[in-house]
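Reviewing the structure listed below.
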Amino acid sequence: MTRIINTKSKQKYCYEYPRPSVTTDCVIFGFDGFDLNILLVERGIEPFKDQWALPGGFVRMDETTEECARRELAEETGVEDLFLEQLYTFSDVSRDPRGRVITVSYFALIKSTAFNLIGGDDASDAKWFPIDQVPSLAFDHDRILRVAHDRLKGKIKYEPIGFELLEEVFTIPQLLRLYEAILGIQIDRRNFNRKFLKLGILETVENKIEGIAHKSARQFRFDKKKYQALKSHGFNFEI
């Protein structure tokens, strides 16, 4: 049976105007228990060959920007199954030497020790860098990273962060180190201890160890129900 295609109908809503390309870029922060790190890839192709950049790439016609971000992240670094939060759309006219390219950025904060990095696709390498040792990045990725870091520093003041990044049982100094690493400042321990315990989302864990006479540091775990309730409603946690 011959299929007749109405070409006039197909072209009815086709307009002649310049079409920019769309990419996604992923800002993946990693916490290793002491430092805040950023996941970068070494570009294996031009432009900016051999320079470090954020993982990302061009959006295909059959995928959303989030699907593209996940695919590119997996292909270039081997990192998968993350909760990605959309950050910002960067559309400066001259941001990409290849032409008119708009990028939609995403970010996440993960436990960096839980992933094995594998550089792939058009990335010759993938590596964690301490946030204060990041090299000059390709394209406008320095700016994207600054915006993401500012968003993360603001986020921890209204949403409790830590449940996904610390071990199940942890100490207040370990939680404090997470906040210091993100904010890049030294925080008064007593004030931090008092304010966090007041939130009511920590459970004390008995940590008696046989054969040890001295008292070890108090250990805690997050109360999952209270943590999720506080996370969903938000709060104001001024350091």
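For the record, in the sequence shown the residue sitting at position 192 is 192 according to this note's numbering, with numbers rising by one throughout.
Ideal placement from N, C-alpha and C gives every residue a C-beta, glycine not left out.
**OP:** Taking S112 as part of the beta strand (DSSP E), name the residues at either end of that continuous run.
**Re:** Run containing S112: none; DSSP gives neither H nor E here.
Original post:
Whose C-alpha, out of A123, P135, T23 and G33, is nearest the C-alpha of E167?
Top reply: Nearest C-alpha to E167 among A123, P135, T23 and G33: G33.
Original post:
Smallest Cα separation from F90: which of F237, D96 and I102?
Top reply: Ranking F237, D96 and I102 by Cα distance to F90 puts I102 first.
Subject >> Cβ contact (3+ pairs, closer than 8 angstroms) linking the segment 46-62 and the segment 141-157 >> reply: Contact holds: three or more Cβ-Cβ distances are below 8 angstroms.
Original post:
Is the Cβ of H149 closer than 8 angstroms to any Cβ of chain D?
Top reply: Chain labels in this structure do not include chain D; a single protein chain is all it has.
Original post:
Helix, strand or coil for T64 per DSSP?
Top reply: Here T64 sits in coil by DSSP.
Subject >> Proximal residues to I182 (C-beta, below 7 angstroms), its chain only, five neighbours per side dropped >> reply: Beyond the five residues adjoining it in sequence on each side, I182 comes within less than 7 angstroms, by CB distance, of L36, L152, K153 and I156 in the same chain, given in chain order.
Subject >> Secondary structure, beta strand (DSSP E): runs of 3+ residues fully inside the segment 106-168 >> reply: Secondary structure remark: continuous beta strand (DSSP E) runs of at least 3 residues inside the segment 106-168, in chain order: 123-130.
Subject >> Cβ-based burial, P160 [other Cβ within 10 Å; buried from 16] >> reply: Within a 10 Å sphere around the beta-carbon of P160 sit 16 or more other beta-carbons, which makes this residue buried.
Original post:
Out of curiosity, what's the CA-to-CA distance linking I212 and L176?
Top reply: Note on I212: pLDDT 45, under 50, position unreliable in the model; no value is reported.
**OP:** Take the Cβ of Y15 as the centre, count every other Cβ of all protein chains shown within 10 Å, and call the residue buried at 16 or more, exposed below.
**Re:** Counting the other Cβ atoms within 10 Å of the Cβ of Y15 gives fewer than 16, which makes it exposed.
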